[in-house]
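Student: Have a look at this one.
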Amino acid sequence: MEKANFGFMGLGVMGHKLALNMERNGFRVAGFDIDAGKVNSFNTSYSDKNLVAFEALKDFLAALERPRRIMMMVPAGKPVDAAIASLKDSLEPGDLLIDGGNTYFLDTERRSKELEALGIIYIGTGVSGGEQGALWGPSLMPGGQPEAWKLVKSVFEAISAKVEGEPCVAYMGPRSAGHYVKMVHNGIEYGDMQLIAEAYDILHRGLGLNNAKLQEVFAEWNRGELESYLIEITADIFARTDPETGQSIVDLILDEAQQKGTGKWTSQNSLDLGAPTPTINAAVESRIISAYKEERLAASKVLTGPESKINGDATGLIDRVREALYAAKICSYAQGFGLMRLASKEYDYGLNLGEIARIWRGGCIIRARFLNDIRQAFERNPDLTNLMVDPKFAQMMNTRQSSLRQVVALSAESGIPVLAFSSALAYYDAYRSERLPANLTQAQRDYFGAHTYRRVDREGVFHTLWQGESE
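Per my numbering, the sequence shown starts with residue -10, numbered consecutively.
Next comes the structure, spelled out in structure tokens:
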């Protein structure tokens, strides 16, 4: 076999599928894994392809053309540091290391600087699309030195998803920009999933729709403005039955959502930067409270609430939930893009928000029809402060906000928790409010801590002696 064009360190599900994708697109690929079983299986299964795997690191490195291009597909955290430690003494200046995992962006920031000092080029690349995306075309978000992007541009464009002939990959920016964008992608994903789950709860628990009807509703929604991967798979989920019991599988799944941390990282970073992301935060909190299953079971026996049944016109309510879901989705994306706008300035990333919307149209988990509209919004105004004030999105919000209000009100009256829907509505109302009650908050802060305040009628900073005369 000739020298390989590209190497994968880690032949788990994602590394394995990306290697197959790359080989199918005309590249020679070498793989390495510490698990001898994975190496043997890989070589046995693909003996007829331009693929070969190694158990020995030195053999893997020797099989790669120079400059070497190696993509690490190992779990985030200490395994990435261990992989880098095993490689860096054998690499040469100009070689390229790529971290394709869900890595915390500040870890990528640290590694990028450490490796650059050694002359090793480094890319932190967000990879979205799961197993099928890795095999048939993911959305890729690489960040690192500009020269690093030049080394992988042709490869990444070849293996990425395509929408209208455009590859769903673009250079995000320096250092940790790629992993930062992937983190926010996952935060938006959390928000999307929670909003869909709440819509399901309203229609199922509140309106009493069975899973067959829910499948019809979500399939219909996927033919309209809500068309997206997550709506599509939700319809599929409602159609699947358990062969052993004949019941819908969704009804047999414990209501305890797990998480790997990327949504939480988004929330934490938004607080650090002072970016409001209440719908993403609500989605994270919803997963957390779902894990309190035993406590919720006990509480359900002692705490009361209204009857969950919602009466009225079923067709009308389904349509209102659809409009509310679309409006809340706009709010959630506005929060995510607003966070990236602030992060781009804070970390000197130079993010192109329109390009990010473009590459999210295919391959990734949050791919959706309306990402085209987001792309166009940032093309109209690259300095757009909030997605909701773009003329097209403002019109969408103005015509759908009443449905969002009705759905939140009905849910409250019926005792159905809608943390994400209600946070989206509150975000919308807060952002459009000329005046908020923060004047009272600031007065309280000045009262107990002499934190001072600004006035609406004059310039300067002021403090009041609240139990005496003003200064």
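We treat Cβ as the ideally placed atom computed from N, Cα and C, and that holds for glycine. Keep in mind that this is a model prediction, so the values were computed, not measured.
Between E98 and the rest of its own chain, which residues show a CB-CB distance below 7 Å, the 5 nearest in sequence each way excluded?
Tutor: Here residue 98 corresponds to residue number 109 of the sequence shown, with the count starting at 1. Answer for E98: R164 and S165, listed in chain order.
Student: With a 10 Å radius around its C-beta and 16 neighbouring C-beta atoms as the bar for buried, classify D308 as buried or exposed.
Tutor: Position 319 of the sequence shown, counting from 1, holds the residue named residue 308. Exposed, by the Cβ-count rule.
Student: Curious, which full-length alpha helix (DSSP H) runs of at least 4 residues does the segment 314 to 397 contain?
Tutor: Assignment of alpha helix (DSSP H) within the segment 314 to 397, counting only whole runs of 4 or more residues, yields 342 to 348 and 360 to 369 in chain order.
Student: Tell me the rounded alpha-carbon separation between N300 and V397.
Tutor: The sequence position of residue 300 within the sequence shown is 311, counting from 1. The sequence position of residue 397 within the sequence shown is 408, counting from 1. So the alpha carbons of these two residues sit roughly 15 Å apart.
Student: Please check the pair R421 and S297, which I expect to be a contact at CB under 8 Å, by giving their CB distance rounded to whole angstroms.
Tutor: The residue you call residue 421 lines up with position 432 of the sequence shown. The residue you call residue 297 lines up with position 308 of the sequence shown. 31 Å between Cβ atoms; not a contact.
Student: Does the Cβ of H174 have 16 or more other Cβ atoms within 10 Å, making it buried, or fewer, making it exposed?
Tutor: Taking the first residue of the sequence shown as 1, we reach residue 174 at position 185. The residue in question, H174, is buried, as its Cβ has 16 or more Cβ neighbours within 10 Å.
Student: Residues in the same chain with beta-carbon distance under 6 Å from A413, minus the five sequence neighbours each way, listed in chain order, please.
Tutor: Counted from its first residue, the sequence shown places residue 413 at position 424. Within the same chain, A413 has close Cβ partners T268, A317 and C320.
Student: Below 6 Å CB to CB, which residues in the same chain sit around S459 once its five sequence neighbours on both sides are set aside?
Tutor: Within the sequence shown, the letter at position 470 stands for residue 459. Low local confidence applies: a pLDDT of 49 at S459 is under 50, so the model's placement there is unreliable, with the coordinate-based value given in what follows. Here S459 has T453 as same chain residues with Cβ atoms under 6 Å from its own Cβ, once five neighbours each way along the sequence are excluded.
Student: Between the C-alpha atoms of K249 and R212, what's the straight-line distance to the nearest angstrom?
Tutor: Here residue 249 refers to the residue found at position 260 of the sequence shown. Here residue 212 refers to the residue found at position 223 of the sequence shown. For K249 and R212, the distance between alpha carbons rounds to 31 Å.
Student: Measuring alpha carbon to alpha carbon, tell me which residue in I363, K334, G197 and F43 is nearest D302.
Tutor: The residue labelled residue 302 in the question sits at position 313 within the sequence shown. Here the closest residue by C-alpha is G197.
Student: Report the CB separation of A19 from A(-7) in whole angstroms; it is logged as a contact under 8 Å.
Tutor: Here residue 19 refers to the residue found at position 30 of the sequence shown. Here residue -7 refers to the residue found at position 4 of the sequence shown. Contact flag correct, Cβ pair sits at about 4 Å.
Student: May I ask which residues mark the beginning and end of the beta strand (DSSP E) holding I59?
Tutor: Taking the sequence shown and counting its residues from 1, the one referred to as residue 59 is at position 70. Here the beta strand (DSSP E) through I59 covers R58 to M61.
Student: Count the C-beta pairs between the segment 257 to 264 and the segment 325 to 333 that are closer than 8 Å, then say yes if the count reaches three, no if not.
Tutor: Counting C-beta pairs with one atom in each stretch, the segment 257 to 264 and the segment 325 to 333 have three or more that are closer than 8 Å, which means they touch.
Student: Would you call the segment 122 to 131 and the segment 361 to 368 touching, i.e. three or more CB-CB distances under 8 Å?
Tutor: With the cut-off at 8 Å, the segment 122 to 131 and the segment 361 to 368 do not touch.
Student: For N428, does the count of other Cβ atoms within 10 angstroms reach 16, so buried, or fall short, so exposed?
Tutor: Here residue 428 refers to the residue found at position 439 of the sequence shown. Exposed is the call here.
Student: Do I110 and D78 count as a contact pair if the criterion is CB distance below 8 Å?
Tutor: Translated into the one-based positions of the sequence shown, residue 78 becomes position 89. Translated into the one-based positions of the sequence shown, residue 110 becomes position 121. It is not a contact, given that the beta carbons lie outside the stated cut-off.
Student: What is the C-beta distance between S128 and I348, in whole angstroms, given that I count them as a contact (C-beta under 8 Å)?
Tutor: Position 139 of the sequence shown, counting from 1, holds the residue named residue 128. Position 359 of the sequence shown, counting from 1, holds the residue named residue 348. With a contact defined as Cβ atoms closer than 8 Å, S128 and I348 qualify at about 5 Å.
Student: Does DSSP put L86 in a helix, a strand or coil?
Tutor: Residue numbering aside, residue 86 sits at position 97 when the sequence shown is read from its first letter. In the structure shown, L86 sits in a strand (DSSP, three-state: E or B).
Student: Pick out whichever of L80, G325, N258 and V158 has its Cα sitting closest to the Cα of A51.
Tutor: By one-based count along the sequence shown, residue 51 stands at place 62. A51 has its Cα closest to that of L80, out of L80, G325, N258 and V158.
Student: Measuring alpha carbon to alpha carbon, tell me which of S256, Y189, M386 and A357 ends up nearest E312.
Tutor: Position 323 of the sequence shown, counted from the first residue, corresponds to residue 312. Per the Cα distances, M386.
Student: Pick from W138, R443, L425 and V407: whose alpha carbon is nearest that of Y189?
Tutor: Along the sequence shown, read from residue 1 onward, the residue named residue 189 stands at position 200. Minimum Cα-Cα distance from Y189 among the listed residues W138, R443, L425 and V407 corresponds to V407.
Student: Using DSSP with H/G/I as helix, E/B as strand and the rest coil, what is I242?
Tutor: Along the sequence shown, read from residue 1 onward, the residue named residue 242 stands at position 253. Here I242 sits in coil by DSSP.
Student: Name the residue from S217, D181, T234 and A201 whose alpha carbon lies nearest to the alpha carbon of A228.
Tutor: In the sequence shown, the residue the question calls residue 228 occupies position 239. Among S217, D181, T234 and A201, the Cα nearest to that of A228 is on A201.
Student: N10 and I148 - do their beta-carbons sit closer together than 8 Å?
Tutor: Position 159 of the sequence shown holds residue 148. Position 21 of the sequence shown holds residue 10. Taking a C-beta distance under 8 Å as the contact criterion, I148 and N10 qualify as a contact pair.
Student: Should P68 be labelled buried (16 or more other beta-carbon atoms within 10 Å of its own) or exposed?
Tutor: The sequence position of residue 68 within the sequence shown is 79, counting from 1. The residue in question, P68, is exposed, as its Cβ has fewer than 16 Cβ neighbours within 10 Å.
Student: Assuming I110 is part of the beta strand (DSSP E), what are its boundary residues?
Tutor: Locating residue 110 in the sequence shown gives position 121, counting from the first residue. I110 to S117 is the span of the beta strand (DSSP E), which, as asked, contains I110.
Student: By Cβ distance, which residues of its chain are closer than 7 Å to G294, with the 5 residues on each side in sequence left out?
Tutor: Taking the sequence shown and counting its residues from 1, the one referred to as residue 294 is at position 305. The residues are G404.
Student: With distances taken from CA atoms, which of R58, I23 and P64 is nearest W138?
Tutor: Sequence index remark: in the sequence shown, residue 138 carries index 149 (1-based). Closest by alpha carbon: R58.
Student: Check the C-beta distance from I355 over to L215 and give it rounded, since I have them as a contact under 8 Å.
Tutor: Position 366 of the sequence shown holds residue 355. Position 226 of the sequence shown holds residue 215. 12 Å between Cβ atoms; not a contact.
Student: Out of F410, R55 and A74, state which residue places its alpha-carbon closest to the alpha-carbon of L393.
Tutor: Against the sequence shown, residue 393 aligns to sequence position 404. Ranking F410, R55 and A74 by Cα distance to L393 puts F410 first.
Student: How would you call V2, buried or exposed, if buried means at least 16 neighbouring beta carbons within 10 angstroms?
Tutor: For the purposes of this step, residue 2 is identified with residue 13 of the sequence shown, where counting begins at 1. Burial call: exposed.
Student: Cutting at 8 Å between CB atoms, please list the residues of its own chain near L376, excluding the five before and the five after it.
Tutor: Taking the sequence shown and counting its residues from 1, the one referred to as residue 376 is at position 387. Result list for L376: I319, Y322, A323, F326, G327, I363, A366 and F382, in chain order.
Student: For K525, count the other beta carbons within 10 Å of its own beta carbon; 16 or more makes it buried, fewer makes it exposed. Which is it?
Tutor: Given a span of -10 to 460 for the chain in the structure shown, any question on residue 525 remains unanswerable.
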